[in-house]
Structure formats: structure tokens, C-alpha cells
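Notes to accompany the following structure.
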Ligand SMILES: Nc1ncnc2c1ncn2[C@@H]1O[C@H](COP(=O)(O)OP(=O)(O)O)[C@@H](O)[C@H]1O
Ligand SMILES: Nc1ncnc2c1ncn2[C@@H]1O[C@H](COP(=O)(O)OP(=O)(O)O)[C@@H](O)[C@H]1O
Ligand code: SF4
Ligand SMILES: [Mg+2]
Ligand SMILES: [Mg+2]
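Chains as they are written, first to last, in this note's numbering: chain A, 1 to 268; chain B, 269 to 536.
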């Protein structure tokens, strides 16, 4: 069983990448569980064709955990991919990561963390509380950082690298950095920049995903690109990513950058 | 004493806007305290001409709160603006909002929350724990949402509106939504869209700040636009914002949007 997590700044393309990765893995015959760990709870939307997903936190709060059955929160979408959304509390109320904690407790208790591949899609703007949990408890052993060339997203990726390094040094988790995925914003020399960043933090660029209109078109139809435009170049990029993820054994403990080094990298 | 908070998605331009607003207020003869409430702790960088700022959380952790003097953490920058950075814990460790909690306790205890205007610059990607504190404890009575026309930043602004509405309904805080500040990304019909969003959440567009190269140029020189290009149009925009903020009495309890309404607004 492979457990991977995609972390990155909000809006950078984690859910789009996760859903297409899961769809490609599903089409290749693997059993996949995608766990949305973002209070936005829209990670699995395109796999579920826009069908509103109940969140674990909402149901646990309404009924109490013992009264939440697995079928209430785990649904099956495109290509047989099983989907679950952690959810989050109302803004301003308690810890935004609480949905993730509730979700892991529930899935563990129901023996639901079983699949050929589990894909955790996790908010990376703050790496604390519940948001650190997919890495900390040894759920996700392989973390992929999703970033563009923008300093803001590299800053977030570098922070996630700090969290991984810290957890690894404490020795209590097997979590490692598996690579950096560029999800392009279309900047000049973006691939060179993100590749340089990946190397600088002791990792490597696993994929360079173009910014492509097919993503928006598929989204309008509430589908992944894999489903909507299976013969497109973009679909092929996601399939290649799935293949690369399956055979990737280049895992490392990251060496996060200082702010100065990060900035000079971004500005040269 | 006016206490205002600028909230918004990470990278949207809160610190740029806050620092220029503070500089304009300082130049107009007001005493200003800018409190950086983002783990990035770079809110006051341009006011401090790039001088590295110690963070309250770092010093409190190193020495213990009783051994942290006000002069250790509050520095005076451009136009006499007093600057302080809350900081945040190492990624992966504890609550990202802890720096803010430590900062408020310290500033309160030292009687430092005194100025004609206090400007809180607060991360808005998650509105929980320490990040909700500037609103909750009645520090900031007027909240400005900083957003572009991108759905991601409107989503974050809408979440902050939810937090304000919730705190207001509990009656224990005087916190109100004071307006929406568009910090342009340069999208088509961006001002119309963000204006429509502001109206929809029972507020109004307070300023439309152009995306402008002077911001980058000033940044390279470690200055605010107010200092670097005082005769530019952009500097004038920030001065007008300062004037508008001082006389703004159009405060409201926001009416946050459902996801569907938000999306149809963003996509029409
Ligand atoms: N490769 C891409 N090309 C074009 N648009 C993209 C691409 N990846 C993501 N997007 C768009 O960016 C937005 C944010 O993506 P999303 O996956 O929801 O981000 P996150 O999950 O990191 O918050 C979505 O509207 C999506 O359509
Ligand atoms: N009006 C603007 N025009 C051009 N660039 C801007 C403008 N506002 C902000 N920026 C740039 O956007 C980046 C993020 O702004 P910042 O104020 O640090 O965001 P935040 O504090 O919300 O994280 C900065 O590099 C800044 O130079
Ligand atoms: S641990 Fe993180 S998510 Fe939870 S309250 Fe603190 S900042 Fe918010
Ligand atoms: Mg997402
Ligand atoms: Mg900032």
C-alpha cells in the first residue's frame, strides 16, 4: 500500500493534480482512496462529478462518531476511486485542522485506510495541528510538494519541507520528501526555477504540469482531464505522473532553505 | 484610537497594503503601530528598510515573556511607524497562530497597544486559533478584506466574513466589516467583480489598488511606495486609502455567501 500526500499553498493546484492522479491510477486498475484534507472540501469534486460530498467533521458533529458509517462519508467516483472529505469547522471557531483529525480517527477505526494507493490532498499554507497529521502519524510516507514558480508558493513548499525535516529528525515517522511537482502558472523560466528549488532542498522535480485550458474545460463539466479529454496532452501528463509516482523510490529528508537563499533563488 | 485589521489570503497583498497605509498615516502626523500577524513575519519589512525584525514568539520562547522588553520587539520605522512581528512556531510544531497569542499578551501587559491607529496585518487562509484573535478579543473593531478578483482570494475573504458574522452574532466583540480592498491582479472586469462581491456580503469596495511596477521597484529598495515614489499615482492611491480609512464609518455585519452563490458570482 502506497500512501502519498500532496501539500502546497492554497490555490496552487493540489486538488486538480490529486484528482487527475487518482483518476489515472484508477484507470490503470489500482484501488485508490483520495482523502481531501483542506477545509475547502472540494478535493474530490471532479471525481464525484460535482455531487456534493458530506464531510466527516460535519457528520461527526451532527451525529457523533459512533453514528457515522463509512458509507456515509466514503463515496465511489470516477474509475472506482473512493473519495472522502475531512471538512473543517466554521471559520473563527476552533482549529481549522480538526476535520482532518476527526477523519483519520474515523477511517482508522473503520479499517478504511486500505487501498493500493491512498492520496492525501492537504492544505499547506499553515503546517500545524491537523494539517501536519497526514505526515506526522506516519500515514503519508511520501510527500509531494506542489508549487509554481511564484515566491509565495515556493515559500509554502519550503515551510512544508521544514515540517518534514523536523518530523524526520524526531525519528518517529517514516515520512519523506518524494519530490516537487511544478504546476505551472506560465512564468518565464518557471521549470528551471522550480527545478533549482527542488535540487536546493535535496529533492528533485518529478513533473512539470503545464497550465492548460483543458483543466478549466474539464472543470466546467465537473470532470477530471483524464475523463474529459483522455486523448489530450494534458491527460498524458497526468498519466505519466501516476506512473512516475508508482515507481518513485527517490525519497529524501529535505534540507529547507533560509529566507535569504529562497529569495535569491527566486530573484536570480 | 482606531484599530483596524487587514485580512486576506496569503500573497494577496496585505503587507504591501498595510505598510503603505501605515506610512501614509504616519506622514499625515498620526502615531501608528503596525502589528504583523502572519507567520511569514515580513509585514513591516519595508517600513524597517529590510532590517530583520525579531519576532515576539521567538524572544518569548528563548527568554520567557517576563524577560522580553518592549524595545526588544517594537521598532520604529519610516514616518515614525512603530512595528512589531508576532512570528510563528516552526512549521509542523504546534499552532501556527501561537505567535499572535503571545504577541497580544505581551503588548497588552506592557501597555503597548496605544496609538492613533493600530494596523493588524493578519493571515486569512485559515481563520482559527490565533488568527481569529485580532477580531475576537475586540482588538480590531474594523476589518478590511483584501482580495483580487480570483476565486481563491474571494473564497478566503468570504471565510473571513463568516468568522466576523459569527463573532458579531455572539455579541462579545465590536468587530465589524469595514470594507473590501481590491488589490488588483490585472484580471478583466476585476473591479466590477470585487465590487459585486462586496455588495453581496453587505459591504462596499473601499479602494481599488492597481497592480503596479512601483510596488516591485520600491520593494527592491526595501521601501514602501510612499517613501520610494512619493509623487507616483500609486502613492496617491495609498494616501487616499489612508484618508478613506480614517473617515470610514460604513461598518457592517457581513452576510457571507454560500459556495454556489460565490462561484456563480465569480463565473458570470
Ligand atoms: N495545470 C493547470 N492548468 C490550468 N488551470 C489549473 C491547473 N491546475 C489547477 N488549475 C486551476 O487552478 C485552480 C485551483 O486549483 P485547485 O486544484 O483547486 O488548487 P488547490 O487544491 O491547491 O487549492 C482551479 O480553478 C483549477 O482549475
Ligand atoms: N498593488 C500591487 N502591485 C504589484 N505588486 C503587488 C501589489 N501588491 C502586492 N504586490 C506584490 O505581491 C507580493 C505579495 O504581497 P504581500 O503584501 O507580501 O502579500 P501578503 O502580505 O498578503 O502575503 C509582493 O511581492 C508584492 O510585491
Ligand atoms: S493548529 Fe493550525 S489550524 Fe489549528 S488553530 Fe492553530 S493555526 Fe489554526
Ligand atoms: Mg484543493
Ligand atoms: Mg504579509
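Idealized CB from N, CA, C, for every residue including glycine.
Keep in mind the model is a prediction, meaning the values are calculated, not measured.
- Taking a C-beta distance under 8 Å as the contact criterion, residue 129 of chain A and residue 97 of chain A qualify as a contact pair.
- Residue 451 of chain B has a beta carbon lying at 8 Å or more from every beta carbon in chain A.
- Across the structure, residue 88 of chain A and residue 332 of chain B are spaced so that their CA atoms are roughly 33 Å apart.
- Boundaries of the beta strand (DSSP E) around residue 410 of chain B: 410-415.
- It is roughly 14 Å from the alpha-carbon of residue 436 of chain B to the alpha-carbon of residue 90 of chain A.
- Within 7 Å of the C-beta of residue 527 of chain B there is not a single heavy atom belonging to ligand 1.
- Cα atoms of residue 347 of chain B and residue 301 of chain B: separation of roughly 11 Å, rounded to the nearest angstrom.
- Listed along chain B, the residues sitting closer than 8 Å to residue 92 of chain A by beta-carbon distance are 395, 396, 400, 403, 404, 430, 431, 432, 434, 435.
- Beta-carbon to beta-carbon, residue 232 of chain A and residue 185 of chain A are separated by about 20 Å, too far to satisfy the 8 Å threshold.
- The bridge partners DSSP lists for residue 120 of chain A are A:5, A:35.
- Taking a contact as a CB-CB distance under 8 Å, the pair residue 86 of chain A and residue 99 of chain A counts as one, their CB atoms being some 4 Å apart.
- Sorting A:268, A:38, A:13 by C-alpha distance to the C-alpha of residue 188 of chain A places A:268 at the top.
- If you draw a straight line from the Cα of residue 75 of chain A to the Cα of residue 101 of chain A, it comes to about 19 Å.
- Distance between residue 520 of chain B and residue 470 of chain B, taken at the CA atoms: about 7 Å.
- Residue-level contact by beta carbon fails for residue 202 of chain A and chain B, as no gap is shorter than 8 Å.
- In the three-state reduction of the DSSP assignment, residue 114 of chain A falls in the coil class.
- Not one heavy atom of ligand 2 falls within 7 Å of the beta-carbon of residue 418 of chain B.
- Excluding the 5 residues flanking it on each side, residue 153 of chain A has same chain C-beta neighbours closer than 7 Å at 8, 9, 12, 147, in chain order.
- Any heavy atom of ligand 1 within less than 6 Å of a residue's beta carbon puts that residue on the list, which reads A:8, A:10, A:11, A:12, A:13, A:14, A:15, A:16, A:183, A:209, A:211, A:212, A:215, A:216, A:219.
- With contacts defined as CB atoms closer than 8 Å, residue 299 of chain B and residue 384 of chain B qualify as a contacting pair.
- Shown here, residue 516 of chain B sits in coil according to DSSP, grouped into three states, outside any helix or strand.
- In terms of beta-carbon proximity, residue 522 of chain B stays away from the interface with chain A, with every pair separated by 8 Å or more.
- Under the three-state reduction of DSSP, residue 349 of chain B is assigned to coil, being neither helix nor strand.
- Interface with chain B (8 Å Cβ-Cβ cutoff): residue 39 of chain A is included.
- Going by DSSP, residue 293 of chain B is part of the alpha helix (DSSP H) stretching over 282-295.
- In the DSSP assignment, residue 492 of chain B is bridged to no other residue.
- Within chain B, the C-beta atoms nearer than 7 Å to that of residue 159 of chain A come from 359, in chain order.
- Distances taken from the Cβ of residue 396 of chain B to the heavy atoms of ligand 3 include one shorter than 7 Å.
- Going by beta carbons, residue 218 of chain A and residue 229 of chain A fall inside the 8 Å limit.
- Counting along the chain, the unbroken alpha helix (DSSP H) around residue 136 of chain A starts and ends at 129-136.
- For residue 306 of chain B, the CB falls within less than 7 Å of some heavy atom of ligand 2.
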